[in-house]
Amino acid sequence: MAHTHCDVDALSTHGRATPFLPRRRMPHLKEQLNGALLAAVRLDAVAGAAAPLAADRAVFGPTKNPAHGDLATNAAMVVAKPLGKNPAEVAEKLAGQLRAHPLIESAEVAKPGFVNIRLSTKAFASILQDIVERASTYGHMTPNSAGSILLEFVSANPTGPMHIGHCRHAATGDSLCRILQAAGHKVGKEFYINDAGVQLEALGRSFRFRCFEAVGLLGPGDVQDDGEKITFQGETISYPGDYLKAFAEDFVANKCKEEIGGLTPSQFAWEARNRNLQLIVHDLAAMGVAFDNYVSEQALRDSGAVERALDALTKNGMTYEKDGALWLRTQDFGDNEDRVLRKKDGALTYMVPDIAYHLDKYQRHFDQYLNIFGADHGGYPPRLRAGIAGVGEDEKKLTVLLLRLVFLIKHGHRVKFSKRAGNFVALSDVVEEAGADATRWFMLCRSIDSEFEFDMDLATQHTSQNPVFKVQYAHARICSLTQKGLEAHILPSTDATVAAALLTAPIEREMLLYIAQFPEMIERSAKELSVHNVPAYVLGLADLWNRYWTMAKTDDSFRVINSGNRDLSQARMLLANCVRQTLANGLSLMGITAPQRMERDEEDAS
RNA sequence: GUCCCCGUAGCUCAGUUGGAUAGAGCAACUGCCUUCUAAGCAGUAGGUCAGAGGUUCGAGUCCUCUCGGGGAUGCCA
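Residues 135 to 740 in the working numbering are what the first sequence lists, from first letter to last.
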């Protein structure tokens with residue numbers, strides 16, 4: 135497992151039938167074939183006693199070479215060794231069994247012991263039929279057929295606007311939610327607001343300074359500004375960015391000096407907090423991301439949850455006193471050393487509210503808890519686990535994904551940013567410049583374990599080979615084709631079996647096999663908690679469609695409409711619609727629109 | 001020091017619990033629009049999968065070691 139997270143297996147509950155739940159749907163093609171494979175291996179004539187050894191490793195997989203058929207299995211090789219038999223012999227027996235299966239046209243043995251199969255017309259028909267019947271839910275499990283998950287992501291501090299890093303978090307979290315929902319999980323999206331403690335006090339000081347500045351309350355010697363750092367009445371202004379100036383000017387607009395001067399520090403802090411939060415919600419909305427729930431740290435503190443968590447930790451013996459401080463045994467959960475919960479001076483560390491928050495999550499009884507943190511928070515997971523276990527909950531239900539950094543590339547160079555100077559690449563700027571669709575695409579297309587360079591010059595290209603537009607274009611083309619078909623009275627075939635029998639061109643078979651893999655792709659993404667497979671998948675499908683499309687440019691016999699054969703035209707129209715549906719479903723997993731039309735800009739065309 | 005992640009084409013990165021001849025996008029070169037949208041397609045070129053051992057029918061993938069890059073290791077949050 136490549137990811138920086140733990141207990142992935144605990145999340146992979148899909149694909150395994152839960153006894154109390156009905157089977158969510160008919161098994162898809164690959165599941166049926168794998169089932170048939172295992173049944174065949176289990177026969178005494180094939181592997182018999184060795185079959186259990188094959189249960190995990192023997193599967194059908196796609197072939198890279200068309201000469202190897204539609205699908206291939208390694209089952210014979212897996213099983214031959216423990217049986218002490220020749221893989222080719224086992225493969226021959228296995229192939230003999232598989233040939234009898236209605237979804238299998240032919241089964242042949244190849245070199246070391248592969249069994250290569252070709253699918254029957256019935257199998258190809260079932261692919262088409264499945265998509266027609268399931269439409270926008272094709273590839274999905276029945277909703278809520280798998281465990282519930284509370285997914286926390288972004289949780290940006292309400293101290294300023296969101297930057298490009300949050301962008302990746304937002305896109306990843308939202309897409310992961312969609313993938314997990316498609317895999318049958320019930321998912322809650324949650325945002326934790328760090329609106330208490332020293333951070334918020336610092337925000338209040340900064341905002342108070344800007345308000346005083348805006349209303350003309352600054353006294354002589356109040357402000358020191360050496361270009362690097364601003365201090366106000368001897369205290370550092372931690373958030374010097376212009377956004378607080380704008381908030382301040384708006385806030386003081388209808389207020390007199392006395393009114394401003396009479397406000398308490400916490401009133402300033404809360405005012406700034408509210409305005410920042412509003413900005414965050416607004417920025418997220420621009421990306422199409424919305425949360426189901428926002429949890430305020432301050433509200434948790436007010437409710438007494440923090441004290442309760444601390445009490446639980448001490449009561450359960452997960453803590454000890456040393457050097458006048460209270461420590462948590464985080465080493466038991468992989469930490470290098472134990473961590474302090476209550477400092478010598480009596481103040482609690484940030485860990486306690488965080489643990490209280492997680493206790494609050496657990497009290498809402500989800501099956502799993504999933505957090506997306508920045509990779510710079512790599513120290514968190516062991517501490518959180520220790521805390522969760524310490525309050526008597528099952529820390530194995532927590533999975534933490536660590537998401538790596540994003541760098542913005544403009545004109546071929548990394549854009550430098552410094553939080554100190556208050557200049558950073560704002561999420562809103564990225565979305566405004568590249569659009570929500572392209573932004574989401576690029577934020578999703580890399581494994582979360584890789585740092586990634588967001589190339590603005592590529593993302594904003596509408597004229598060149600921008601992958602987002604390529605996929606959307608393929609979708610729009612099929613919509614356009616369907617429209618043309620309507621005008622020509624060529625409707626998608628309603629008989630999948632007839633259609634499948636006519637769709638015999640290699641590229642057509644390739645497309646059918648490809649769209650048949652969509653459900654597996656979702657399952658795999660949900661199991662691995664990864665998002666980057668989705669863009670890769672839809673791009674691959676768009677490529678296939680575009681290739682098919684262009685073939686008709688030079689060979690009329692590949693045209694969908696006017697192919698000279700009405701049944702064939704209708705069969706191809708059905709295939710086109712199934713490809714379109716799969717593209718749309720894939721884009722939907724990323725939260726990217728699937729446009730019906732794409733008009734070419736005059737500017738872009740030049 | 002310890003732990004985690006990364007190292008694959010000129011660049012950015014995929015590579016499905018170990019499978020057959022290692023892929024995509026961008027960049028480069030050559031072709032293809034009287035036709036269902038050329039925001040497209042075909043072809044060419046580009047690789048000691050960081051390195052060395054090991055495991056086996058079979059390794060980019062698993063194990064060990066080495067070398068590089070990044071992150072985590074506060075009584076900060």
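No residue lacks a Cβ here, since even glycine has one placed at the ideal position from N, Cα and C.
So what's residue i in DSSP terms, helix, strand or just coil?
| i | result |
| --- | --- |
| ALA728 | coil |
| ASP359 | strand |
| ASN680 | helix |
| PHE558 | coil |
| ALA439 | helix |
| PRO196 | strand |
| HIS274 | coil |
| PHE425 | coil |
| GLY508 | strand |
| GLN263 | helix |
| THR628 | coil |
| GLN333 | helix |
| TYR326 | strand |
| ARG342 | helix |
| PHE467 | helix |
| VAL549 | coil |
| LYS391 | helix |
| ILE543 | strand |
| ILE649 | helix |
| LEU532 | strand |
| ASP449 | The sequence shown places Lys at residue 449, not Asp. Here LYS449 sits in helix by DSSP. |
| THR370 | strand |
What is the residue span of the alpha helix (DSSP H) that residue i lies within?
| i | result |
| --- | --- |
| ASN600 | First-last for ASN600: undefined, no H or E at that position. |
| LEU434 | 431-436 |
| ASP178 | Unbroken run through ASP178: none, as it is neither H nor E. |
| LEU314 | 298-316 |
| SER254 | First-last for SER254: undefined, no H or E at that position. |
| GLN496 | Position check: residue 496 holds Tyr in this sequence, whereas Gln was assumed. From DSSP, the alpha helix (DSSP H) with TYR496 extends over 485-496. |
| GLY230 | 221-232 |
| VAL415 | 399-420 |
| THR573 | 570-578 |
Thinking residue i and residue j are a contact (beta carbons under 8 Å), I'd like their distance in whole angstroms, please.
| i | j | result |
| --- | --- | --- |
| TYR373 | GLU431 | Between GLU431 and TYR373 the Cβ distance is about 18 Å, and since that is not below 8 Å, they are no contact. |
| THR573 | CYS301 | 6 Å |
| ALA269 | GLN715 | 6 Å |
| PHE343 | PHE366 | 4 Å |
| VAL321 | ALA304 | Contact flag wrong, Cβ pair sits at about 15 Å. |
| LEU253 | ALA630 | At roughly 14 Å, the Cβ-Cβ gap does not stay under 8 Å, so LEU253 and ALA630 are not in contact. |
| ALA192 | VAL175 | 6 Å |
How about residue i and residue j: are their beta carbons less than 9 Å apart?
| i | j | result |
| --- | --- | --- |
| PHE258 | ARG643 | yes |
| PHE194 | LEU187 | no |
| LEU482 | LEU493 | no |
| ARG463 | TYR454 | yes |
| GLN502 | ILE283 | yes |
| ASP591 | HIS623 | no |
| ARG548 | LEU637 | no |
| HIS666 | ARG580 | yes |
| ASN719 | PRO626 | no |
| SER659 | ILE313 | yes |
| ASP472 | GLN465 | yes |
| ILE522 | LEU285 | no |
| THR425 | PHE500 | Reading the sequence as shown, one finds Phe at residue 425 and not Thr. Against a cut-off of 9 Å, the Cβ pair of PHE500 and PHE425 comes out as no contact. |
| MET645 | LEU675 | yes |
| PHE576 | MET732 | no |
| ASP583 | ARG519 | no |
| VAL423 | GLY307 | yes |
| VAL632 | ASP417 | no |
Could you spell out the range, first to last residue, of the beta strand (DSSP E) harbouring residue i?
| i | result |
| --- | --- |
| GLU587 | 586-589 |
| GLY524 | No beta strand (DSSP E) holds GLY524; the alpha helix (DSSP H) holding it covers 514-524. |
| THR453 | 453-456 |
| GLU733 | It is not in any beta strand (DSSP E) - GLU733 carries neither H nor E in the DSSP assignment. |
| VAL243 | 238-244 |
Is the beta carbon of residue i within less than 8 Å of some heavy atom of the ligand PLP?
| i | result |
| --- | --- |
| SER614 | The ligand PLP is absent from the structure shown, which contains no ligand whatsoever. |
(Q) Check whether the stretch 397-413 and the stretch 290-299 are in contact - that is, three or more C-beta pairs closer than 8 Å. (A) yes
Q.
Taking contact to mean 3 or more Cβ pairs, one atom from each stretch, closer than 8 Å, check whether the stretch 324-331 and the stretch 427-447 are in contact.
A. yes
**Q.** Three or more C-beta pairs below 8 Å linking the stretch 607-624 and the stretch 673-689
**A.** yes
Q. Okay, do the stretch 720-728 and the stretch 277-284 touch, 3+ Cβ pairs below 8 Å being the bar?
A. no
Q. Does the stretch 344-353 come within contact of the stretch 390-399, defined as at least 3 CB pairs closer than 8 Å?
A. yes
Q) Is the stretch 162-171 close to the stretch 232-239, with three or more CB pairs under 8 Å? A) yes
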